[in-house]
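Just remember that our numbering sits 724 ahead of the position in the sequence shown, which is counted from 1.
Even for Gly, the Cβ is constructed at its ideal location relative to N, Cα and C.
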Amino acid sequence: MAPMLLEIITAERQVYLDEVDVVVAPGIEGHLGILPHHAPLMTVLQPGELMVRKDGVESYLVVTGGFMEVLGNKVTILADAAENSGEIDEQRAQAAVERAQEQVRNRESDVQLEEALHSLRRAQVRVGVARRRRRTGAQERMEQPR
Ligand code: ATP
C-alpha cells in the first residue's frame, strides 16, 4: 500500500516529517491505528507512546498530548511536546518521575494533585519509551554476527 505522510510539530519545532506505513497514536479513548487512506479524522491525544512503522521497522516517539488530524493521506499531529525515542534524556525523565511523586505526596490542593499527576504521566511515558529503545538497541547488538 502506498505510504502516507506523517508530520509532528510542536510550538517549538518540527519533530517528524516522513512517509510512513502505519501510525498508532494515543487517543483520549485508547490507541488509534491509522493506515494510508484513512477516513478524515480530528481527535485529541493524551500523553503516551506513538508508534510509527516504515518499511517494516517500528519506531517510537513520545507525545505529551495535543491534536491529530487525518486528511488527504496525511496525518498531522500538533503536540504540546514530542520527542523521538533517541532524543529522550532518560535521567531527566526519571528525575521528573521522582519530583512528581514527591509533589503528589506533598500536594496541598486538588489542582496541585492534578498538575503533579500530569507531570508524572509525561515523565513515566518518557522513561518507558527511553527504556524500550535501550532494550531494543541491546537486542539488535546481540543479533549482529560476531
Ligand atoms: P521536566 O520536568 O524534565 O522539564 P516536563 O514534563 O516539565 O519535564 P515538558 O513541559 O513536557 O517537560 O517539555 C518541555 C520541553 O522539554 C519540551 O521541548 C520537551 O520536548 C522537552 N523535554 C522534557 N523532558 C524531556 C526529556 N526527558 N528528554 C528530552 N526532552 C525533554
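Checking the 6 Å criterion, the Cβ of residue 773 is out of range of every heavy atom belonging to ligand 1. Beta-bridge partners of residue 802 (DSSP): 733 and 791. Taking the Cβ of residue 743 as the reference point, every heavy atom of ligand 1 lies at 6 Å or farther away. Going by DSSP, residue 834 is part of the alpha helix (DSSP H) stretching over 834-867. The residue among 767, 738, 759 and 758 with its C-alpha nearest the C-alpha of residue 751 is 767.
Across the structure, residue 823 and residue 756 are spaced so that their CA atoms are roughly 31 Å apart.
At a Cβ-Cβ threshold of 7 Å, residue 786 and residue 835 do not count as neighbours.
According to DSSP, residue pairing for residue 754 in a beta bridge involves 751. Among the bridge pairs identified by DSSP, residue 785 is matched with 774 and 808. By DSSP's assignment, residue 742 forms a beta bridge with 730. Distances taken from the Cβ of residue 758 to the heavy atoms of ligand 1 include none shorter than 6 Å.
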